[in-house]
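All residue numbers for the sequence shown refer to our numbering, where the first residue is 10 and numbers rise by one.
What follows is a set of notes on a single structure, which appears directly below.
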Amino acid sequence: MSILPKKNDLGFYEIRLESIGGLGANLAGKMLAEAGVLGLGLNGMNFSSYGSEKKGSPVKAFIRFSDPDVLIRAASPIERPHVVGVFHEALYKTVDVVSGLDSHGIVLVNSTRQFDGVRADLHLEYGTLAVIDALEIAVEEKTKVNTAMLGALFRVCDFLDPEAMRNVIRKTFEKKYPHFVEPNLRTFDRGFNEVQFKTYEVPEGSAGKAFVRPEPVLGYATQPMGGAIINPGNSILKDLSGSRQGFLPEYHDSKCIHCAACDTVCPDFCFVWEEGTDKKGRPQMFLSGIDYQYCKGCLKCVQACPVDALTEMREEIGYAEENRVPHKFVLASN
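Structure below.
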């Protein structure tokens with residue numbers, strides 16, 4: 010008898026993880042598949058999709074399970090998942106993370122917010138929403154977000170054996186990093202126990218979310234005449250908010266001595282300066298704030314500040330937009 014709760018037409022139970030580089034979704038997918046294959050005897054497959062292999066860029070991890078008598082010969086990206094795990098909330102801005110989700114599917118989100126707010130941002134009409142504050146757990150246990158998300162995923166996929174995952178964690182860390190075994194086991198258990206669920210009623214006959222495959226805007230039929238480049242590379246248009254991993258520098262104007270130590274170490278020129286005069290009437294540049302559009306949350310400025318005018322804070326939804334001080338590019342336009 011099959012232990013898989015659902016299957017598609019090919020006999021697969023499919024999971025898609027949506028993340029950014031640095032949060033460990035690729036490793037989480039490998040460990041999840043390993044626990045299902047070695048722990049339960051299922052057939053399984055996992056692989057990931059990412060571009061430039063750099064921290065902060067979008068990442069997708071795919072996991073397929075099938076019964077032992079069903080061979081997995083499909084190696085295409087998962088378009089109709091039964092479960093979606095969202096490791097990073099800022100992905101909502103640029104990626105349709107629930108694209109193709111089954112009508113009775115489950116979405117697991119790393120978030121501190123209430124269900125209805127997350128649901129509205131996801132444009133999720135029905136199905137089950139699971140929320141876990143994986144970042145807080147990881148910070149407290151000094152581990153990674155992916156282990157807490159794995160714990161929550163095992164609660165979501167209740168056909169999987171949590172003890173099999175604990176064995177995988179031990180096997181992964183005990184030889185090279187034995188001091189990480191117990192913290193990661195605690196992180197996994199907390200993720201498993203602290204995830205919360207809310208189900209939105211599914212109307213009868215609902216077909217689920219349609220999957221939309223991204224396509225390039227320009228092609229052989231739409232390219233401008235003569236090969237003109239209508240959108241030359243311009244870093245003014247970039248938005249690095251999606252690469253932040255949950256933390257931001259908070260600026261305290263009353264403590265700032267305008268020494269520019271923060272600007273010296275900032276890799277993305279996030280700090281906005283204005284010309285003014287000091288108490289003696291001499292010209293001086295004064296820091297007016299941070300343009301959070303370009304801030305990827307590396308926190309090098311916090312380490313460099315000699316007077317604690319910049320402190321580390323847990324990012325809250327809307328904080329960056331409300332407190333952003335935009336650059337004034339007089340020779341270029343947005």
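Every residue, glycine too, gets a C-beta built ideally from N, C-alpha and C.
Everything numeric in this text was worked out from a predicted model, so none of it was measured.
Coarse secondary structure for residue i, derived from DSSP in three states
| i | result |
| --- | --- |
| residue 266 | coil |
| residue 245 | helix |
| residue 25 | strand |
| residue 65 | coil |
| residue 280 | strand |
| residue 221 | coil |
| residue 101 | helix |
| residue 183 | coil |
| residue 343 | For residue 343, the predicted model reports a pLDDT of 47, less than 50, meaning its position is unreliable and no value from the coordinates is stated. |
| residue 316 | coil |
| residue 208 | strand |
| residue 94 | strand |
| residue 141 | strand |
| residue 72 | strand |
| residue 195 | helix |
| residue 293 | strand |
| residue 327 | coil |
| residue 30 | coil |
| residue 87 | coil |
Whole-angstrom C-beta distance between residue j and residue i, which should lie under 8 Å
| i | j | result |
| --- | --- | --- |
| residue 158 | residue 44 | With a Cβ gap of about 14 Å, residue 158 and residue 44 do not count as contacting. |
| residue 41 | residue 12 | No, residue 41 and residue 12 are not in contact; Cβ-Cβ is about 15 Å, not under 8 Å. |
| residue 303 | residue 278 | 7 Å |
| residue 100 | residue 251 | 6 Å |
| residue 255 | residue 80 | Actually they do not touch by this definition, with Cβ atoms about 40 Å apart. |
Interface flag, residue i vs chain B, CB-CB below 9 Å
| i | result |
| --- | --- |
| residue 160 | Looking for chain B here will not work: only one protein chain is present. |
Residue nearest to residue i in terms of C-alpha spacing, selected from the options
| i | options | result |
| --- | --- | --- |
| residue 58 | 39, 50, 49, 75 | 39 |
| residue 295 | 320, 303, 266 | 266 |
| residue 124 | 140, 132, 135 | 140 |
| residue 264 | 314, 172, 77, 27 | 314 |
| residue 261 | 298, 254, 147 | 298 |
| residue 148 | 321, 335, 338 | 321 |
| residue 132 | 107, 152, 172 | 107 |
| residue 170 | 22, 46, 319 | 46 |
| residue 122 | 74, 19, 204, 111 | 204 |
| residue 202 | 289, 167, 31, 226 | 167 |
| residue 324 | 258, 199, 67, 280 | 258 |
Checklist line | Touching by the beta-carbon criterion (3+ pairs, under 8 Å), the stretch 217-229 and the stretch 265-280 | finding: Remark: fewer than three beta-carbon pairs, one from each stretch, lie closer than 8 Å, so the stretch 217-229 and the stretch 265-280 are not flagged as touching.
Item checked: Segment contact flag, the stretch 284-293 with the stretch 324-333, C-beta cutoff 8 Å, min 3 pairs -> Because the criterion of three Cβ pairs below 8 Å is not met, the stretch 284-293 and the stretch 324-333 do not touch.
Check: Are three or more beta carbon pairs between the stretch 176-191 and the stretch 207-214 nearer than 8 Å?
Finding: With the cut-off at 8 Å, the stretch 176-191 and the stretch 207-214 do not touch.
Check: Are there three or more Cβ pairs, one per stretch, closer than 8 Å when the stretch 19-35 is compared with the stretch 83-98?
Finding: They touch, by the three-pair rule.
Notebook entry, point to check: Are the stretch 76-92 and the stretch 180-190 touching, with three or more C-beta to C-beta distances below 8 Å?
Noted result: By the Cβ criterion, the stretch 76-92 is not in contact with the stretch 180-190, since fewer than three pairs of Cβ atoms, one from each stretch, lie closer than 8 Å.
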